[in-house]
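Chemist: In terms of our numbering, the sequence shown opens at residue 105 and continues consecutively. Glycine is no exception: its CB is placed at the ideal position from the N, C-alpha and C atoms.
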Amino acid sequence: LPTVGVIGAGQLARMMQPAAVALGIRLVLLAESADASAAQVIPDTTVGDYTDLATLQAFAARCDVVTFDHEHVPTAHLEVLARSVQVRPGPQALVCAQDKVVMRRRLSSAGLPCPRWRSAESAADVVDFAADAGWPVIAKTPRGGYDGKGVALLADPAEAAAAFQRWGAPLLLEEAIAFTRELAAVVARSPSGQAVAYPVVETVQRDGICAEVVMPAPIADEHALAAQSIALQVAAELDVVGVLAVELFDTADGVVVNELAMRPHNSGHWSIEGAITGQFEQHLRAVCDLPLGAPDPVADTAVMVNVLGGCADIAAQYRSVMAHDPGARIHWYGKEPRPGRKVGHVTVLGADREVCAERARYVASRLAGAADG
Ligand SMILES: Nc1ncnc2c1ncn2[C@@H]1O[C@H](COP(=O)(O)OP(=O)(O)O)[C@@H](O)[C@H]1O
Ligand SMILES: [Mg+2]
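Right under this line is the structure:
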């Protein structure tokens with residue numbers, strides 16, 4: 105079996121480890137610090153800077169396959185690594201998850217549904233764009249954003265000027281989509297082109313951060329099928345290897361692509377317990393060029409709620425919430441609690457969406473430090 109190198113030591117790398125253990129695949133980790141989330145659970149960890157080419161090359165020399173916890177490794181470095189090791193997903197695919205302007209260009213030219221968009225250099229470009237798309241305008245930093253950092257709603261020219269002052273140029277502009285809900289279509293694709301699609305989920309965002317995920321999304325079948333087929337088309341078009349999450353907006357007129365992630369994704373955490381093959385195992389199968397596992401759900405409904413913030417005395421909370429709801433599945437990432445930070449998640453499977461949601465919300469809120477009651 106190949107040795108899989110993971111770059112980045114967040115919770116996604118951490119949750120790859122149980123799947124790797126089950127399959128007998130060896131993971132090695134390039135971590136940003138010795139106490140990072142995944143570094144706590146992967147014995148073969150190197151601490152180093154993922155923006156330094158020599159560090160990346162020394163790490164890659166010990167791996168058969170390199171994959172990722174995040175998309176922040178410089179694209180040029182990935183091109184160099186790809187000459188000596190399997191980089192999965194490859195740099196030409198990954199750049200579409202790294203750079204939102206490149207993503208819009210590639211998806212538009214493939215004929216996939218996107219909001220109206222343009223790359224802008226100045227507030228004058230925003231005024232031009234708004235003349236057509238209307239105010240407010242969504243502005244995004246092309247690279248480096250996550251959890252809504254790097255996304256702003258611009259109401260007028262003054263706010264446009266402020267966005268360029270804060271972030272510099274270029275910025276990606278998008279028409280503000282009046283969506284009914286946000287969706288994610290998670291698929292996996294192997295180097296041979298085999299692909300599988302998970303059920304489409306609804307993602308509920310608060311302040312730009314994913315708060316809850318509901319499987320299946322409560323939407324018309326045509327919209328769910330359209331979302332899955334877009335995600336499979338993106339995977340094939342960009343030659344993605346591994347898990348691909350396509351974030352979409354559901355609207356009265358159909359679905360529109362928001363952005364891409366080429367790794368296991370928050371919108372797929374429900375699948376750890378909720379599908380025959382969880383997304384972390386699926387990602388490892390794909391990057392190791394093994395046959396993919398069944399993506400079918402094992403319950404009618406799954407609701408996943410993120411734990412944002414986190415309490416100091418987790419042991420005390422465990423005592424009461426585990427006793428209160430033995431069916432709730434708890435995941436804790438070993439991260440320092442900080443306001444708004446994702447430090448864990450809770451999944452509840454069942455037959456009724458509202459019941460699952462209530463149970464998962466209660467446990468997650470207690471783990472986030474809310475008082476009993
Ligand atoms: N064109 C848009 N129209 C309306 N809302 C948007 C648009 N683009 C982004 N958003 C909102 O901002 C959130 C974060 O944007 P996204 O591009 O996904 O950034 P991030 O990389 O931080 O996840 C989205 O989940 C959505 O709620
Ligand atoms: Mg997003």
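So does K446 have its beta carbon nearer than 7 Å to some heavy atom of ligand 1?
Modeler: No, since every heavy atom of ligand 1 falls outside the 7 Å radius drawn around the Cβ of K446.
Chemist: Rounded to whole angstroms, what's the CA-CA distance from A349 to D232? Just pull it up for me.
Modeler: If you take the alpha carbons of A349 and D232, they lie about 32 Å apart.
Chemist: Helix or strand or just coil, what does DSSP make of G109?
Modeler: In the structure shown, G109 sits in a strand (DSSP, three-state: E or B).
Chemist: What distance in whole Å lies between the Cβ atoms of W436 and M408, which are believed to be in contact at a cut-off of 8 Å?
Modeler: That belief does not hold up - the Cβ atoms of M408 and W436 are roughly 14 Å apart, past 8 Å.
Chemist: Can you list the residues near ligand 1, meaning Cβ strictly closer than 7 Å to any non-hydrogen atom, in the order they appear in the chain?
Modeler: Answer in sequence order: K204, P219, I242, K244, G249, Y250, D251, G252, K253, G254, V255, E278, E279, A280, I281, F283, E286, Q309, G312, E351, F353, N362, E363.
Chemist: Shorter than 7 Å, the distance from the beta carbon of V305 to the closest heavy atom of ligand 4, or not?
Modeler: Ligand 4 is not among the ligands present in this structure, which contains only ligand 1 and ligand 2.
Chemist: Out of E326, P193, L182, F268, which one is the CA nearest neighbour of S223?
Modeler: Here the closest residue by C-alpha is F268.
Chemist: H327 by DSSP, collapsed to three states: which one?
Modeler: Reduced to three states, the DSSP call for H327 is helix.
Chemist: Tell me the start and end of each unbroken alpha helix (DSSP H) in the region 231 to 284 that is at least 4 residues and wholly inside, in chain order.
Modeler: As far as the region 231 to 284 is concerned, its whole alpha helix (DSSP H) runs of at least 4 residues are 261 to 271.
Chemist: Can you look up R192 in the DSSP assignment and give me helix, strand or coil?
Modeler: In this structure, R192 counts as coil in the three-state DSSP scheme.
Chemist: If you compare alpha carbons, which of H428, H176, G413 is closest to P441?
Modeler: Cα-wise, what sits closest to P441 is G413.
Chemist: Under 8 Å, do V411 and A472 count as touching if we go by C-beta distance?
Modeler: Cβ distance < 8 Å, so V411 and A472 count as in contact.
Chemist: Quick check: what's the CA-CA separation for A398 versus A419?
Modeler: Those two C-alpha atoms are separated by around 35 Å.
Chemist: In whole angstroms, what separates the C-alpha of F384 from that of D400?
Modeler: Between F384 and D400, the C-alpha separation is close to 15 Å.
Chemist: What is the residue span of the alpha helix (DSSP H) that V304 lies within?
Modeler: Unbroken run through V304: none, as it is neither H nor E.
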